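K.L.:
Whatever position you read off the sequence shown (first residue = 1), add 802 for this note's numbering.
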Amino acid sequence: MPSERCDIFCNVIDNYGDIGVCWRLARQLANEHGLQVRLWVDDLASFVALCPEADAARDVQHCRGVEICRWLAPFPRVEPAALVIEAFACNLPEAYIAAMAAAGQKPVWINLEYLSAEAWVEGCHKLPSPHPALPLTKYFFFPGFTVKTGGLLLEKSLLARRDAFFADAIAQQNYWQDLGVGPRLPGELRVSLFGYENPAIPELLRTWEAADYPVTCLLPVGRSLPQVAAHFGAATATAGTLWQRGQLRVRVLPFVEQEKYDALLWACDINFVRGEDSCVRAQWAGKPFVWQIYPQHDQVHLEKLEALRGRYCKDLSEPAGNAVAALWQAWNGGDDVAAAWQGVMRDREVLAQHGADWSRALSRNNLALNLLDFFRQVA
Ligand code: TRH
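1. If Gly1024 and Phe1074 are in contact, beta carbons under 8 Å, what's the gap, nearest whole angstrom?
2. I'd like to confirm the pairing. Which residues does DSSP put opposite Leu991 in its beta bridges?
3. Taking the straight line between their C-alpha atoms, what separation do you get for Trp1130 and Asp1175?
4. Going by beta-carbon coordinates alone, are Ala897 and Arg879 separated by less than 8 Å?
5. Going straight from the alpha carbon of Ser994 to that of Cys1070, what length do you get?
6. In the DSSP assignment, what are the bridge partners of Asn913?
7. For Leu1050, does the three-state DSSP call read helix, strand or coil?
8. Helix, strand or coil: how does DSSP classify Cys812 here?
9. Just mark Val1030 as buried or exposed, buried being the case when its beta carbon has 16 or more other beta carbons within 10 Å.
10. In chain order, what residues of the same chain have a beta carbon less than 6 Å from the beta carbon of Ala919, not counting five sequence neighbours either side?
11. Hey, quick one: how far does the beta strand (DSSP E) through Ile1072 stretch, first residue to last?
12. Which one of Asp1079, Val1052, Glu1061 has the shortest CA to CA distance from Asn817?
13. Bridge partners for Cys865 per DSSP, in chain order?
14. What is the DSSP secondary structure of Leu1006, reduced to helix, strand or coil?
15. Provide the residue span of the beta strand (DSSP E) that contains Arg840, from first to last.
16. Do Ile810 and Leu841 have their C-beta atoms closer together than 8 Å?
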């Protein structure tokens, strides 16, 4: 039987989140579920950052089991797939919509939405939206944190690979060796820092410098780097740079291909993450994490931040939950990140256990499986 075909459309707005989610989903559908997947991307340069073997100059290429196509205008005449995923309401090409409408067996058209922990998501998940003029229906598919949502992207072997890494001291040693930071000192804390520009960065760095334990901060090249460089009096920096002051050392890391980022989250004790996909990966790492949400107009992102905080902290004791709330707030436009950091350090062990429990509970709701079930029901 020929494998089912799937087209995923991705319009890169900025950063790596849109293409990050699409690329992860595309690989999963192709490699774990045997679909023939085409990923249409309008910005191949962003894609190359996540998959360095790709060539931004090529219109069509195959990477890791997925056909990667440049989303060109005008759009080429192609036969639509049985499953069509429009990521984040990116507006499919008119010619492609017309071809879907003309097909004998109408494709299942799904709009994959942004992730939110807000309660309203449950009521909108899987809602149909009939096309005003054509015999087509688009369905809204919401990722989320409850069983009434589409769940989260989780590769089949991810948690087993993570646990094998946790159990393998040699693999961990080799990992740190490769990053050029060597074995841990007694009491040392290792933290990854992936974020946007943030006024709280200098105060956090000063807090780490003055800590009574050594801190190693692993900083991938990106939007937080200029502020950290300025803190150390440098105009700029590249991967490999090492700064040291007081108890703190900062190692600048290259931006690695997407599959390799997880190991950093597994290896560190606490992870600072941002946006959507890295935030989910930090949750799969099962370690305490600090989320810098993608900022939106009118501060609407703060409601999303609060929604995830509420779910994440629901089963935590009050002091530990308050400590998480204080640090997430301070990291997202609030103040006194120094005091908030001390709070999280005080409850570090409780939070480490909670991170592990949280990832186990979330793993029961798998987005790719839910999406395929829905596709087969509707088709
Ligand atoms: O890059 P982002 O800020 O993307 C954002 C958000 O998703 C936001 O919600 C969305 O609205 C906006 O884009 C348009 O953050 P995010 O989602 O964490 O994506 C980063 C991706 O980069 C993720 O897939 C992990 C990956 N990554 C690597 O592949 N290598 C690396 O070294 C690092 C640090 C990240």
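Note that CB positions come from ideal geometry on N, CA and C, so glycine has one too. The structure displayed is predicted, hence computed values, not measured ones.
P.N.:
By the coordinates alone:
1. To locate residue 1024, count along the sequence shown from 1; it is residue 222. To locate residue 1074, count along the sequence shown from 1; it is residue 272. Not really, about 12 Å apart at Cβ, beyond 8 Å.
2. By one-based count along the sequence shown, residue 991 stands at place 189. In DSSP, Leu991 forms a bridge with Val1017.
3. For this step, residue 1130 is matched to residue 328 along the sequence shown. For this step, residue 1175 is matched to residue 373 along the sequence shown. C-alpha separation (whole angstroms): 35 Å.
4. Position 95 of the sequence shown, counted from the first residue, corresponds to residue 897. Position 77 of the sequence shown, counted from the first residue, corresponds to residue 879. Yes, the pair counts as a contact, with Cβ atoms nearer than the cut-off.
5. As a position in the sequence shown, residue 994 is number 192, starting the count at 1. As a position in the sequence shown, residue 1070 is number 268, starting the count at 1. Straight-line Cα distance between these residues: approximately 6 Å.
6. Residue mapping note: residue 913 aligns to position 111 of the sequence shown, counting from 1. Paired residues: Glu888, Phe942.
7. Counted from its first residue, the sequence shown places residue 1050 at position 248. Here Leu1050 sits in strand by DSSP.
8. Looking up residue 812 in the sequence shown gives position 10. Three-state DSSP puts Cys812 in a strand.
9. Within the sequence shown, the letter at position 228 stands for residue 1030. Looking at its Cβ environment, which holds 16 or more other Cβ atoms inside 10 Å, Val1030 is buried.
10. Looking up residue 919 in the sequence shown gives position 117. Closer than 6 Å at Cβ, skipping near neighbours: Phe947, Ala1109, Leu1110, Arg1113.
11. Taking the sequence shown and counting its residues from 1, one reaches residue 1072 at position 270. Here the beta strand (DSSP E) through Ile1072 covers 1072–1076.
12. In the sequence shown, the residue the question calls residue 817 occupies position 15. Nearest C-alpha to Asn817: Asp1079.
13. Within the sequence shown, the letter at position 63 stands for residue 865. Bridge partners of Cys865: Val868.
14. Here residue 1006 refers to the residue found at position 204 when the sequence shown is read from its first residue. Looking at Leu1006 - three-state DSSP - the assignment turns out to be helix.
15. Here residue 840 refers to the residue found at position 38 of the sequence shown. Note, Arg840: beta strand (DSSP E), 838–843.
16. Numbered from 1 along the sequence shown, position 8 holds the residue referred to as residue 810. Numbered from 1 along the sequence shown, position 39 holds the residue referred to as residue 841. Yes; because the gap between Cβ atoms is below 8 Å, this pair is in contact.
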